[in-house]
Amino acid sequence: MDRDRNLNVWTGSVPIFRSYLYVPGSDPSLINKALKSRADAIVIDLEDAVTNDQKQMARANASALLAESQSKPVLVRINSAESGYWRMDLEAVGHWDPSGIRVPKVESVATVVQVASFLSSLDSGSTPLIPLIESALGVERAFEIASGHHRVIALGMGEADLAADLGTNGSDALNYPRSRCIVAARAAGLAAAIQSVYVNLHDPSGLRSSTEFGRSLGFFGRSAIHPSQIDAINEVFTPSDNEVSSAQEIVSIMGAASSLGSGLGVTQSGEFVDAAILRRARAILSVAQMVENLK
129 MDRDRNLNVW TGSVPIFRSY LYVPGSDPSL INKALKSRAD AIVIDLEDAV TNDQKQMARA
189 NASALLAESQ SKPVLVRINS AESGYWRMDL EAVGHWDPSG IRVPKVESVA TVVQVASFLS
249 SLDSGSTPLI PLIESALGVE RAFEIASGHH RVIALGMGEA DLAADLGTNG SDALNYPRSR
309 CIVAARAAGL AAAIQSVYVN LHDPSGLRSS TEFGRSLGFF GRSAIHPSQI DAINEVFTPS
369 DNEVSSAQEI VSIMGAASSL GSGLGVTQSG EFVDAAILRR ARAILSVAQM VENLK
């Protein structure tokens, strides 16, 4: 499926957020706390955080939540296509048009098409899908998955499952799969891939440095498992004042250069500016405006 690959490198053509807070669908009190958190969006989890005997209750809670207007976007992580639960998950939430459906453990386009086709019998046709890459096979097929259906708006990752599949417990060993998914998403014309969770709740400095590294790789936005992680994630994915000021200068310089028939410019600090740098500057300003709109 061909897409516009000239989309904003961070925000694409669809809403995208800095932080996504996972919350178990089986716990109404935690859902209420998540809604009051500073997360840009919450993800009601019907999968790993919910035991089999509580899944029906979690579906009912998610459906009731989506039936009402909420203060922030609500996404849902359904169970995997290999489970016997995903259709029941979609039947419970699909007709409410959630802000997105996260599909775990995706390894093929067939899974995406299967979920999208079933969802089409329930919703208005606007609910986006975010496949989660959590295995070596999923990584190898990342581009096919990213480009396999028009409902797919981004790729996410599940690094715990991926590390287990690869037989590693080292974060550095996942840098190739991370980059592979980031490149696959952009090559397919999607928004930037979403960074996986940071599992150590007692390591705030590690969370920040990991998130900064993720942004430098090309991720935009990160999933979180606790409200205490949100501020650091939001700060890292918010353009700094210096970034915004520099981007504004670049846009101004290139505007003046264009009026003179030139596609090149030089900043006050001596930095050479061309069309590629201009695109990056506009992306930064677009994200800054998105953040401002979230306030």
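Residues in the sequence shown are numbered from 129 upward in steps of one, following my numbering.
By construction, the Cβ of each residue, glycine as well, lies at the ideal position given by its N, Cα and C atoms.
Would the beta-carbon of residue i fall within 7 Å of that of residue j?
i, j, result
"W214", "L194", "no"
"A238", "P201", "no"
"R205", "E175", "yes"
"I322", "A282", "yes"
"L260", "G284", "yes"
"T395", "E371", "no"
"V240", "G276", "yes"
"G349", "R146", "yes"
"V280", "L247", "no"
"T366", "V419", "yes"
"A409", "V379", "yes"
"I353", "T339", "no"
"S245", "V221", "no"
"Q357", "L335", "yes"
"A384", "I412", "no"
"L218", "V171", "no"
"A313", "A274", "yes"
Helix, strand or coil for residue i, going by three-state DSSP, please let me know.
i, result
"G266", "helix"
"Y326", "coil"
"A169", "strand"
"V372", "helix"
"W138", "Note that W138 scores a pLDDT of 46, beneath 50, so its modelled location is shaky and nothing firm can be said."
"L388", "coil"
"A291", "helix"
"S351", "strand"
"P367", "coil"
"R408", "helix"
"M129", "Its pLDDT being 49, under 50, M129 is placed unreliably by the model, and nothing is read from it."
"V202", "strand"
"L422", "helix"
"S252", "coil"
"G317", "coil"
"T296", "coil"
"S208", "coil"
"P226", "coil"
"G111", "Outside the modelled stretch of the chain, which goes from 129 to 423, sits residue 111, for which no answer is possible."
"R215", "helix"
"G383", "helix"
"S275", "coil"
"S236", "coil"
According to DSSP, which residues form a beta bridge with residue i?
i, result
"F400", "V394"
"P332", "According to DSSP, which records beta bridges pairwise, P332 is partnered with nothing at all."
"P259", "V231"
"G284", "L260 and I322"
What whole-angstrom Cβ distance do residue i and residue j have, given they're in contact under 8 Å?
i, j, result
"D173", "P152", "5 Å"
"I310", "F271", "Actually they do not touch by this definition, with Cβ atoms about 11 Å apart."
"V91", "A186", "One cannot answer for residue 91 here, as it falls past the ends of the chain, which runs 129 to 423."
"Y148", "S337", "About 20 Å; that fails the 8 Å criterion."
"K233", "E262", "5 Å"
"I159", "N189", "7 Å"
"P355", "S199", "Rounded, the Cβ-Cβ distance is 14 Å, inconsistent with contact."
"L290", "L302", "7 Å"
Entirely enclosed alpha helix (DSSP H) segments - the stretch 142-197, minimum 4 residues: 156-164 and 183-194
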